[in-house]
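Structure first, then comments.
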Amino acid sequence: MTSAPSPLHLQAKILCTLCWKLAQCGAETRLIMQCGQIMSKALGVPEDNLELGFDRTGVHIKVSADGQSVHEYRAISHFGINMFAVSALYQLCLQVEEGHGGSLDAIYQRIKDIKLKTYPLPLITLAAAGAAACFTLLNGGTAAAALCATIGGLSLMLCRLLMLKRRYFENFAVMCAAFVGGLLAALCAHLLTLSHTQLSLSLMATSLLLVPGFPLMNGFLDIFKGYLATGIIRLCYGLTIIFAASIGLMGAILVSSNLGL
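Read in order, the letters of the sequence shown correspond to residues 1 to 261 in UniProt numbering.
In structure tokens, the structure reads:
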């Protein structure tokens, strides 16, 4: 039989799992550190006995007491966007701070029980295609150009999701998706005999779906709030996605020009 984990081990597990989940859900660095400090104080861990490290690759926790120390580390596979989970985790921290968390085992279980709610992939694909159509219309595009952007947006999202499912690395998937989506939008515009301006508008609108707004926003917030290393890494990640999408879009423009579209 395996012995129950000591309180020190549970404290380290709680803090590491909490910060890891916040990072996975897209919380900014300041909020991750703040929640870790709130939870550690509520668990009775003195500030001098806690080491909390966070970067793009993972979360590291060290808790010390009575000459003993426990290390916990969890790797971060990706930075997602899930504000429901971020809010739920923050509320849990406040409840534990007020003394309503229960035992260490109960707190740990409550953190694990907070699920990452996601939208169905078909709904996300349709919403992204609709966003491309709306952008086209708002920038002076015709209904036909919006239809082309919708088709391009659908193909772009399907290509991206399919490649990510097959474990292609993200930058390559984004580049190929931008190329496929932009080229199909241009082909549709050519078949509908749209003007060059309308063709360009529908082609450009498809690639806007790939702009990583959240990493860029969190990167700037981290830099302004003093977390330079993490902020720069987030910005670099966002910029590489933009560069990959730009390469795919330029390829689509080049191919469509060579085809006389």
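All C-beta atoms in this analysis are idealised placements derived from N, C-alpha and C, irrespective of residue type, glycine included.
CB of residue i within 8 Å of CB of residue j, strictly
{"i": "G152", "j": "L184", "result": "yes"}
{"i": "N179", "j": "G248", "result": "Looking at the sequence shown, residue 179 is not Asn but Phe. Cβ distance < 8 Å, so F179 and G248 count as in contact."}
{"i": "V86", "j": "V63", "result": "no"}
{"i": "M157", "j": "A129", "result": "yes"}
{"i": "A245", "j": "M175", "result": "yes"}
{"i": "L52", "j": "C93", "result": "no"}
{"i": "L10", "j": "Y108", "result": "yes"}
Under the three-state DSSP convention, the category residue i falls into
{"i": "A252", "result": "helix"}
{"i": "R160", "result": "helix"}
{"i": "Y73", "result": "strand"}
{"i": "S103", "result": "coil"}
{"i": "S202", "result": "helix"}
{"i": "A244", "result": "helix"}
{"i": "L18", "result": "helix"}
{"i": "A65", "result": "strand"}
{"i": "P215", "result": "helix"}
{"i": "F220", "result": "helix"}
{"i": "A177", "result": "helix"}
{"i": "G238", "result": "helix"}
{"i": "K165", "result": "helix"}
{"i": "I32", "result": "helix"}
{"i": "L92", "result": "helix"}
CA-to-CA distance, residue j to residue i, given in whole angstroms
{"i": "L123", "j": "A132", "result": "14 Å"}
{"i": "M204", "j": "C148", "result": "11 Å"}
{"i": "A173", "j": "S77", "result": "17 Å"}
{"i": "M1", "j": "I32", "result": "Note that M1 has pLDDT 42, beneath the 50 cutoff, so the model's placement of it is unreliable and no number is given."}
{"i": "L239", "j": "L221", "result": "16 Å"}
{"i": "A145", "j": "C236", "result": "33 Å"}
{"i": "H196", "j": "K13", "result": "58 Å"}
{"i": "T206", "j": "G36", "result": "40 Å"}
{"i": "G226", "j": "Q198", "result": "44 Å"}
{"i": "V211", "j": "T125", "result": "15 Å"}
{"i": "A229", "j": "N82", "result": "23 Å"}
{"i": "A88", "j": "S155", "result": "35 Å"}
{"i": "R56", "j": "H100", "result": "32 Å"}
{"i": "T193", "j": "R160", "result": "28 Å"}
{"i": "L8", "j": "G213", "result": "39 Å"}
{"i": "G58", "j": "G181", "result": "34 Å"}
{"i": "C134", "j": "C188", "result": "17 Å"}
{"i": "I233", "j": "H71", "result": "24 Å"}
Residues bridged to residue i [DSSP beta-bridge criterion]
{"i": "F54", "result": "V59"}
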